[in-house]
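Residue numbers (the working numbering): 34 to 165.
What follows is the structure in structure tokens.
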């Protein structure tokens, strides 16, 4: 039977190991950098997005007013990278996730995009918090 002292000692040890090995809060436990969407090109895009090590998550508060061919992707400093196209937006509202290909280096990006492929314009951009 585990007592409280043993549990606390184990918890402290795990935390110290994470710090010593360089795991940062940005990716510890699968959590990543978070940003708030703002609309582009007269579209209303709201809610939060998270860029983690292996996926992009749109939170339950996500909403897009609609557009032809909306896609999810990544960008940096106001420039969308079409090589990061993660696929068609699954729905206009609510929580959804998109797997990142293994060759995408998330440290190179600081924005999540909702992109209209048909007209090559952004519909919404979430600027992400800086990595720790």
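C-beta atoms are modelled at their ideal positions from N, C-alpha and C, and glycine is treated no differently.
Does DSSP put residue 137 in a helix, a strand or coil?
-> coil
In this structure, what does DSSP give as the bridge partners for residue 67?
-> 83
Indicate the three-state DSSP secondary structure (helix, strand or coil) for residue 116 in the structure shown.
-> Residue 116: helix per DSSP, three-state reduction.
Is the beta carbon of residue 70 less than 7 Å from the beta carbon of residue 127?
-> no
With a 10 Å radius around its C-beta and 16 neighbouring C-beta atoms as the bar for buried, classify residue 50 as buried or exposed.
-> With a pLDDT of 42 at residue 50, under the threshold of 50, the predicted position of this residue should be treated as unreliable, though the coordinate-derived value follows. It is exposed - the Cβ of residue 50 has fewer than 16 other Cβ atoms within 10 Å.
Where residue 55 sits in the DSSP three-state scheme = In this prediction, residue 55 scores a pLDDT of 41, lower than 50, which makes its location untrustworthy; the coordinate-derived value is nonetheless stated afterwards. Coil, per DSSP.
Cβ of residue 162 within 7 Å of Cβ of residue 67?
-> yes
Collapsed DSSP secondary structure at residue 91 in the structure displayed = strand
Taking the CB atoms as reference points, tell me whether residue 109 and residue 143 lie closer together than 7 Å.
-> Less than 7 Å divides the Cβ of residue 109 from the Cβ of residue 143.
Span separating the alpha-carbon of residue 134 from that of residue 146 = 16 Å
Around the Cβ of residue 62, are there at least 16 other Cβ atoms within 10 angstroms (buried) or fewer (exposed)?
-> For residue 62, the predicted model reports a pLDDT of 37, less than 50, meaning its position is unreliable and no value from the coordinates is stated.
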